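Visitor:
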Amino acid sequence: MMKLLKSSIFWLLILSLAVLTACTNSDSDTKDEETETPKPATSEGTGTEDEKVSIEFWHAMSGTGQESLDSIVKGFNDSQDKFEVVAEFQGTYEESLTKLRGVGGTKDAPAITQVFEVGTKYMIDSGYIEPIQSFIDKDNYDLSQLEENILNYYKVDGELYSMPFNSSTPVMVYNKDAFKEAGLDPEKAPETFSEVINAAAKLKKGEMYGFSMLTYGWFFEQLVATQGGLYVNEDNGRSGDATEALFNGPEGLNVFDFLDTMNKAGTFGNFGTNWDDIRAAFASGKVAMYMDSSAGVAGAITTAPFDVGVAYIPYADEVKRNGVVIGGASLWMSKGIAEKEQEAAWAFMKYLTTPEVQAQWHLDTGYFAINPKAYDEENVKEKWAEFPQYKVTVDQLQDTVPGLATQGALISVFPESRQQIVTALEDLYQGKDPKEVLDKAAEGTNRAMEIANKTKK
Amino acid sequence: MTLLEKPGIWKRTANGRTALLYLLPSILLFSVFVFYPMFRTIYLSFFLTDQNGDAAIWVGFENYSYLLESTAFINSMKATGLFVLYTVPIGIILALFFALLANEKLRGIGFFRTVYSSTMGISVAASSVIWLFMFNPSMGMFNRLLSLLNLPQIQWLLDPQWALLSVSISTIWMNIGFSFLILLGGLQNIDEHLYESSRIDGAGYFYRLRRITLPMLSPTLFFIITISLINAFQSFGQIDILTQGGPSASTNLIVYSIYREAFINYQFGTASAQAVTLFIIILIVTILQFKLGERRVHYQ
Chain W
1 MMKLLKSSIF WLLILSLAVL TACTNSDSDT KDEETETPKP ATSEGTGTED
51 EKVSIEFWHA MSGTGQESLD SIVKGFNDSQ DKFEVVAEFQ GTYEESLTKL
101 RGVGGTKDAP AITQVFEVGT KYMIDSGYIE PIQSFIDKDN YDLSQLEENI
151 LNYYKVDGEL YSMPFNSSTP VMVYNKDAFK EAGLDPEKAP ETFSEVINAA
201 AKLKKGEMYG FSMLTYGWFF EQLVATQGGL YVNEDNGRSG DATEALFNGP
251 EGLNVFDFLD TMNKAGTFGN FGTNWDDIRA AFASGKVAMY MDSSAGVAGA
301 ITTAPFDVGV AYIPYADEVK RNGVVIGGAS LWMSKGIAEK EQEAAWAFMK
351 YLTTPEVQAQ WHLDTGYFAI NPKAYDEENV KEKWAEFPQY KVTVDQLQDT
401 VPGLATQGAL ISVFPESRQQ IVTALEDLYQ GKDPKEVLDK AAEGTNRAME
451 IANKTKK
Chain R
1 MTLLEKPGIW KRTANGRTAL LYLLPSILLF SVFVFYPMFR TIYLSFFLTD
51 QNGDAAIWVG FENYSYLLES TAFINSMKAT GLFVLYTVPI GIILALFFAL
101 LANEKLRGIG FFRTVYSSTM GISVAASSVI WLFMFNPSMG MFNRLLSLLN
151 LPQIQWLLDP QWALLSVSIS TIWMNIGFSF LILLGGLQNI DEHLYESSRI
201 DGAGYFYRLR RITLPMLSPT LFFIITISLI NAFQSFGQID ILTQGGPSAS
251 TNLIVYSIYR EAFINYQFGT ASAQAVTLFI IILIVTILQF KLGERRVHYQ
C-alpha cells in the first residue's frame, strides 16, 4: 500500500514537472521536438568528409500530392550528394503556418516552408523569410523560363519573394451528356453570365440543377478578377497596405446578381462549403455545370459516368474577359538559418522547376507546371491527347491578360475576408438582398484590415 | 504568554498546512492549465494583438463594447442559447427514459445497457463524420429515406432553418451515452427496501416513480444537468466537422466563433474578449442553477 502511494506520488511529480516545463516554454519545446529528428542527420553529415547538408521542408500536401512530392524529394536526394532534403507533412496550410509562427526567424525554422497563396502578404511582413530574389540575382537564374502568369502573382514590387510551386486556377466543369439532352451544344460551353443563366434554365430537370459553385471565397475573387475588378484598394494591395475593400463595387455586384438570378429561378444548386459534396453532386448528376479547381479536373473526369467538358470561367456580358488569378501555394526560404542550408534550399527549388519534375508533378496532381517546357515532355503530350480537358486549364491561364486584377489581391487578412464572403453567399442563397450582404462583407473586411494595419510593427 | 502563543499559531495552522500540502499537486496542475491561461486570456482581452499574437495596442474595454454591438456576436449568443435549449432537456429526458428501461431486471438487460451507453465510446470527431454522411444532401441516408417516402428533400446542414437542429440531433445522440450511464448508476443506488415497502402499501409504478425514484435520483439529475449545460455551452467538435459555423452563421456557437477569431483570423484580443464573455455566462448560469435547482435536490 505504502509502496503504491509512494510510486504514484513520484509519477505525479514527474508529470507535473513535465507539464510545467511544457507550458512555461512551449516555443522552445516544440522547437526541440521538431528539430530532434533531422539533427542527427546534420551532425552525421558534417562528420563525413563530403559534408552533406540536411534541410527540412515543411509542406501541406496530403494524399496523392504527398506521394508525388516524396518521390520528387527522393529524386533530388539521389541526383546529387551535397544536400539532403527531409520532407515533413505539417497538416493543412493553416496548421503549418501556425507551427511556423512558433519557430519563424530562428535557426530552428525549416529551410523551406510551403505557404498558401493568400499567406503571401503575411509572410512578406513577417520578417521570417529570405526573399529568393537575392538568390536569383546572385545565381543569374533565368526567371523567363517560368510561367509568367504564375510569377505575376508572387512578384511584389517586381521582386520574387517565394518560389511558386503548386498552382491551380478555377474552371467551369460541365456534363456533356446533359447538354445534349437539353439541346445545347456540348462542345461549346456558355461563356458569359447571361449565357450561363440561360443554359442553366434549360438544364434544370427533375433532380438536376443547372449551375452550382462551391461556397468558397476563392471563386468569388476569380469571378470579380475576370471582369477586371479589384478586390481591395491601393492597386489590389500591391502598391501599399490596402485599407478598403472594393469587391462590393459593380463587378462584385455582377457576380452576386448572377448567382441571385439563378437561385431565385431555382436553377442554382447549393451544395455547401465542402469540395467533396459538390463533386459528388456533379458525379451523381445533381448538377450540370459547376466551378472547380483545375486540380480537381482529373478527379471529375475519372469519377463521372458521363462525358465531362471543361471550360473557362464565365464573365459579365458587358466587359471583356480578363482571365484568372493563380491559386495554390509557393515555397518560402527561411531567414536566420545557416547559409549552407539556404544554398541547399535554393538548389532544391531549382531542381523543382526543371521541366521533367514539373511534368511529373502536373501529371500526378493536376496542378500546373510552373515551367511551361514541361508541357513539351512526351508523357504530358500523351496524357493531353487522351484528356484534352487538361489543356483547357492551361490555355485559360496562358490567355489571361496580365493586369492588377488578374495579379490577385495582396492582403494579410485574406482568411477572414473569405469567411465574410462565405457568410454573404449563404445569406444571398437565403434570399437576402445582394447589395446588402455584399456591403456587410466589405465592412467586415475593412475592419479586419484596419486592425491589421494598426497592429503592424 | 508570548512564548506560549508562538508555537500556538504554528500549531493552529498545522491542519491547514497539511491540507495545502495535499492540495499542492492539484493546485500546481490547475494553475498551469486553468489559472494561468485564464489570467492571460483576461489580460489579452484588453488588447489588439499583432501578427504574432502578442499584445500590441491597449484598447481597454473596446473589444467588449464592439462585441456587444456586433450583430455577429449577438447572433452567436442566440445560436448558443437555442442549442443549449434544444440539446439539454431532450437529451436528459431521453437518457432518463432509457435508464429507467434499462434498470428493469430482465434477462439480457446487460446487452441493452451496453448498447444505450455505447455512444460514450465514440469520439465526437468520429461520430460527427458518420452524421456528416447521413446528412449529405446528395447521398445521405436521411434524404434517401425522405425520397422513399415521397417527402420533399431537406438540406439538413445547408439550410439555416435546419442546420442548428441537425447539429442538435447529432449532439443529443452523442451525449445520451454519458447521461444514461450516470443516471443508471444513480438508479442502481436507490435502496431496494423503499420500493418493497411501497409495493406492500399498494403504490403503482408511476406513483413510485414520482415519489421514490425521482427524489432519490435528484442529486444525480442535478449533477448531470449541470454538466450537460456546461458541455452544451462548450460544444465545438461537431460544429467544426458538420457545419464550420455556417450556413449564414446559424450554427456559429460562441466556442466556434472564438476558435475562428483566434486561429483563423489571428485576432487573439477579440477572441479573448469572447472567451471571457462565455466564461461569465457559464458562471452566471451555474450559480443560478445552484441557487434555484439545489433546493429541489434531496440528499439522503
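So the sequences go chain by chain: W and R. In terms of this note's numbering, the first sequence opens at residue 1 and continues consecutively. In terms of this note's numbering, the second sequence opens at residue 1 and continues consecutively. Ideal Cβ positions, reconstructed from N, Cα and C, are used throughout, including at glycine. Because the structure is a prediction, the values reported are computed rather than measured.
Mind checking W/S43: buried by the 16 CB within 10 Å criterion, or exposed?
Guide: Only weak support exists for where W/S43 lies, its pLDDT of 41 falling under 50; the coordinates are left without a value.
Visitor: Counting only beta-carbon atoms, is R/R144 nearer than 8 angstroms to chain W?
Guide: Output row for R/R144: interface = no.
Visitor: Identify the continuous alpha helix (DSSP H) that holds W/S68 and give its terminal residues.
Guide: 64-79
Visitor: Less than 8 angstroms between CB atoms is the rule here; does W/T353 satisfy it with respect to chain R?
Guide: Chain R contact via Cβ: absent.
Visitor: What residues of chain R sit near W/V422, judged by a beta carbon separation below 7 angstroms?
Guide: Going along chain R in sequence order, the residues near W/V422 (Cβ under 7 angstroms) are G246.
Visitor: Report the CB separation of W/G323 from W/Q396 in whole angstroms; it is logged as a contact under 8 angstroms.
Guide: 7 angstroms
Visitor: Is the Cβ-Cβ distance between W/Y128 and W/S293 less than 8 angstroms?
Guide: no
Visitor: Since W/M291 and W/M213 are thought to touch, with beta carbons under 8 angstroms apart, how far apart are those beta carbons, to the nearest angstrom?
Guide: 5 angstroms
Visitor: Within 10 Å of its beta-carbon, does W/H362 have 16 or more other beta-carbons around it, so buried, or fewer, so exposed?
Guide: buried
Visitor: Return helix, strand or coil for R/F290, following the three-state DSSP convention.
Guide: Here R/F290 carries a helix assignment [DSSP, helix/strand/coil].
Visitor: In whole angstroms, what separates the C-alpha of W/T37 from that of R/I264?
Guide: At W/T37, the pLDDT of 40 sits below 50, so the modelled position is not reliable; the number obtained from the coordinates is stated separately. Cα to Cα, W/T37 sits roughly 29 angstroms from R/I264.
Visitor: Please go through the same chain and pick out, in chain order, the residues whose beta-carbon is closer than 8 angstroms to the beta-carbon of W/T481, but skip the five residues on each side of it.
Guide: In the structure as shown, chain W begins at 1 and stops at 457. Residue 481 of chain W is therefore absent and cannot be evaluated.
Visitor: With DSSP collapsed to three states, give me the class of R/M139.
Guide: Taken through DSSP and simplified to helix, strand or coil, R/M139 comes out as coil.
Visitor: Please classify W/M61: does DSSP put it in a helix, a strand, or coil?
Guide: coil
Visitor: Measuring CB to CB, does W/L259 end up less than 8 angstroms from W/L428?
Guide: yes
Visitor: List the residues of chain W that R/M38 touches, going by C-beta distances under 9 angstroms, in chain order.
Guide: Near R/M38 there are no residues of chain W at all, since even the closest Cβ is about 13 angstroms away, more than 9 angstroms.
Visitor: Under 8 angstroms, do W/D317 and W/S134 count as touching if we go by C-beta distance?
Guide: Against a cut-off of 8 angstroms, the Cβ pair of W/S134 and W/D317 comes out as no contact.
Visitor: Among the residues of its own chain, which have a CB less than 6 angstroms from the CB of R/V59, if the five just before and after it don't count?
Guide: Cβ-Cβ distances below 6 angstroms link R/V59 to L48 in the same chain, with the five nearest sequence neighbours on each side left out; the list follows chain order.
Visitor: Residue range of the beta strand (DSSP E) that W/G210 falls in?
Guide: For W/G210, the enclosing beta strand (DSSP E) has its first and last residue at 209-213.
Visitor: Between R/T49 and chain W, is the shortest Cβ-Cβ distance under 8 angstroms, so that the two count as touching?
Guide: For R/T49, the nearest CB of chain W lies under 8 angstroms from its own CB, placing it at the interface with that chain.
Visitor: What are the boundary residues of the alpha helix (DSSP H) that W/P434 is part of?
Guide: 434-455
Visitor: Using 8 angstroms as the limit for Cβ to Cβ distance, is W/T455 near chain R?
Guide: yes
Visitor: Is the Cβ-Cβ distance between W/A452 and W/A441 less than 8 angstroms?
Guide: no
Visitor: Rounded C-beta distance between R/L164 and R/T251? I'm assuming under 8 angstroms.
Guide: 5 angstroms
Visitor: Hey, quick one: how far does the beta strand (DSSP E) through R/I57 stretch, first residue to last?
Guide: 55-58
Visitor: Step through the CB atoms of chain W and report whether any lies within less than 8 angstroms of the CB of R/N52.
Guide: yes
Visitor: Starting from the N-terminal side, write out each stretch of the beta strand (DSSP E) that is 3 residues or longer and does not extend beyond the stretch 12-93 of chain R.
Guide: Counting whole runs of 3 or more residues, the stretch 12-93 of chain R contains the beta strand (DSSP E) stretches 47-49, 55-58.
Visitor: Is R/Q267 close to chain W? Criterion is C-beta to C-beta, closer than 8 angstroms.
Guide: yes
Visitor: Would you call R/F98 buried or exposed, if buried means 16 or more other Cβ atoms sit within 10 Å of its Cβ?
Guide: So R/F98 counts as buried.
Visitor: Using CA coordinates, which residue listed in W/F211, W/V255, W/A242, W/I197 is at the minimum distance from W/E221?
Guide: W/V255
Visitor: Which one or two residues does DSSP pair with W/I129 in a beta bridge?
Guide: W/S334
Visitor: Anyone know if the C-beta pair for W/E117 and W/Y153 falls short of 8 angstroms?
Guide: In this structure, W/Y153 lies closer than 8 angstroms to W/E117 by Cβ.
Visitor: Grouping DSSP H, G and I as helix and E and B as strand, with all else coil, what is R/L106?
Guide: coil
Visitor: To the nearest angstrom, how far is the alpha carbon of W/N446 from that of W/L438?
Guide: So the alpha carbons of these two residues sit roughly 12 angstroms apart.
Visitor: Give the range of the beta strand (DSSP E) segment to which W/E88 is assigned.
Guide: 83-89
Visitor: Of the residues that make up the stretch 407-438 of chain W, which ones have a beta carbon closer than 8 angstroms to any beta carbon in chain R?
Guide: S412, V413, P415, E416, Q419, V422, T423, E426, D427, Y429, Q430
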